[in-house]
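Numbers in my numbering are just positions in the sequence shown, counted from 1, shifted up by 1202.
Comments concern the structure below.
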Amino acid sequence: MRNIALLGSTGSIGMSTLDLVRQFPERFKIHGMVAGRNLKRFAAQIREFSPQCVAIKNAEDVPRLGQMLGKKRPEILWGERGATEVAIANEVEIVLAAIVGGAGLVPTLRAVWAGKEIALANKEALVMAGETIINAAKEKGVRLLPVDSEHSAIFQCLQGNRRDEVDKLILTASGGPFLRTPLNRLAKVTVEQALKHPNWKMGQKITIDSATMMNKGLEVVEARWEFDIQPGQIDVVIHPQSVVHSMVRYQDGSIIAQLGIPDMRIPIAYALAYPHRLKGTWKPLEPTQHRELNFLPVEKKRYPALQLAYDALKTGGSMPAVLNAANEIAVAAFLEGRVGFRDIHRIIEKTMQRHAPKHPREVDEILEVDRWAREKALSLIH
Ligand SMILES: NC(=O)c1ccc[n+]([C@@H]2O[C@H](COP(=O)([O-])OP(=O)(O)OC[C@H]3O[C@@H](n4cnc5c(N)ncnc54)[C@H](OP(=O)(O)O)[C@@H]3O)[C@@H](O)[C@H]2O)c1
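If you want it as structure tokens, here you go:
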């Protein structure tokens, strides 16, 4: 039985995680839960899973959630500090970090410092503070288990092989909804079109990131830190079917890949039960139902955001945090209809151009860079 602190329980990853807890009550127990503003869903989850501690994003929502829950309820904490307290509670053994965006950084990092094992979905935290998180994990002897399907695939493909014989990590990307849209129409695509991912059902931010391919860019940075590998050894290929979740090529030219249906419960279960594999209610992959698996090179003009991520990684220091913050602002502005789809990468690029890179060591310095980049990106939008 593992005691879990679930950060981001009301989101897509959060709900998939709770589904696993329902399927395997003898293995997993929710000790604490954190959510943002979806109080109705959060209240229902608290009633069902009876966590010992909970936190929400805003102090002003605490009385309303309290009213919804009635007398029999845990103490309701709030804000970054509340989320952190839930993550580092004594009884917690593993933290499923699934808050979206930079808001997940501090609770995740503090959980590492507290020696908690981390199942990491919140890739933005690693993009902002990869070196800091990895160094803290090494120092504390904490295991970081990837939840992202691509990183889970690579993690699996690395097992039983020698790391010094790895040639390349090859991340697969579906190409999103605009893989075949004529380039001259991309400027006019709507929010609704961008939110229609061909294979995965996910939260809004990551779905837009998949359409621009910034998601793959963030994953390149994530892989750099998670697997301690040089950026030049990380490739991206388009694989429209999303069956091969990623691959590792070794120095003898052989490729080892992990395949599965696109269902996030599989990599989440692998992270939570590692090294065991669970027999869940999802369908197994039937090879004969996937007769065609295609692999295509990434068209740079279609997905400029991917190159920005490689550039940020090359510059290093604070630049990936700037990339991430500007992306969050640009995506939010696109979702609100304030900028066009093709403005997203332009806003990120301009914000990066205006940044004088630093080498932040402390988390406060990283958060300062994050604030600067958000303000800069917002001013560019205005
Ligand atoms: N979805 C996927 O299939 C998938 C796959 C791989 C990786 N990931 C990564 O996993 C993370 C979560 O993705 P998602 O798709 O599950 O996103 P999502 O559906 O938008 O859910 C985000 C979660 O974070 C919570 N949240 C947001 N801001 C918060 C704050 N300041 N304090 C506390 N909670 C906050 C939200 O709460 P409310 O909804 O209550 O406001 C929600 O529970 C992202 O980093 C994403 O890149 C997702």
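For each residue, glycine too, the CB sits at the ideal point set by N, CA and C.
Computed from a predicted structure; not experimentally measured.
Which residue marks the beginning of the beta strand (DSSP E) containing residue i, and which one marks its end?
i	result
K1370	1368-1375
R1204	1204-1209
M1466	From DSSP, M1466 is part of no beta strand (DSSP E); its letter is neither H nor E.
Y1452	1446-1452
I1440	1436-1440
I'd like to check one pair, residue j with residue i: are the Cβ atoms closer than 7 Å?
i	j	result
K1370	Q1435	yes
P1562	M1521	no
V1308	E1341	no
A1285	V1329	no
L1200	A1299	The structure shown does not extend to residue 1200, since the chain spans only 1203 to 1584, so no value can be given for it.
V1393	L1537	yes
A1338	Q1460	no
L1580	I1531	yes
A1514	R1576	no
A1327	V1422	no
L1508	M1415	yes
I1470	V1314	no
W1280	A1316	no
A1321	L1474	yes
Can you list, in chain order, the residues of its chain with a C-beta nearer than 6 Å to that of residue i? Leave out the 5 residues immediately preceding and following it.
i	result
M1238	The question names Met, yet the displayed sequence has Gly at residue 1238. Taken in chain order, the residues that qualify are K1259.
S1214	M1404, G1405
G1519	P1559, K1560, H1561
H1441	T1374, F1497
I1410	A1396, V1533
R1243	T1212
I1458	C1359, V1450
S1444	S1376, N1401, P1464
W1427	L1328, G1332, I1336
Among all the DSSP beta bridges, which residues are the ones paired with residue i?
i	result
E1147	This structure cannot settle anything about residue 1147, because the visible part of the chain is limited to 1203 through 1584.
E1319	I1296
A1257	V1236, L1279
A1355	Answer is none; A1355 lacks a bridge partner.
P1348	L1322
I1457	R1451
K1231	N1205
Could you name the residues of the same chain whose beta carbon sits closer than 7 Å to that of residue i, not counting the 5 residues immediately before and after it, in chain order?
i	result
A1245	L1267, M1270, L1271
P1253	I1232, H1233, G1234, M1235, P1276
Considering only residues of the same chain and omitting the five flanking positions on each side of residue i, which have a CB-CB separation below 8 Å?
i	result
V1223	I1206, F1230, K1231, I1232, F1251
K1318	A1207, A1289, I1290, V1294, E1295, I1296, V1297, V1344
I1568	L1307, M1330, A1331, T1334, S1520, A1523, P1562
Ends of the alpha helix (DSSP H) at residue i?
i	result
A1514	1506-1517
F1251	1241-1251
M1521	1521-1537
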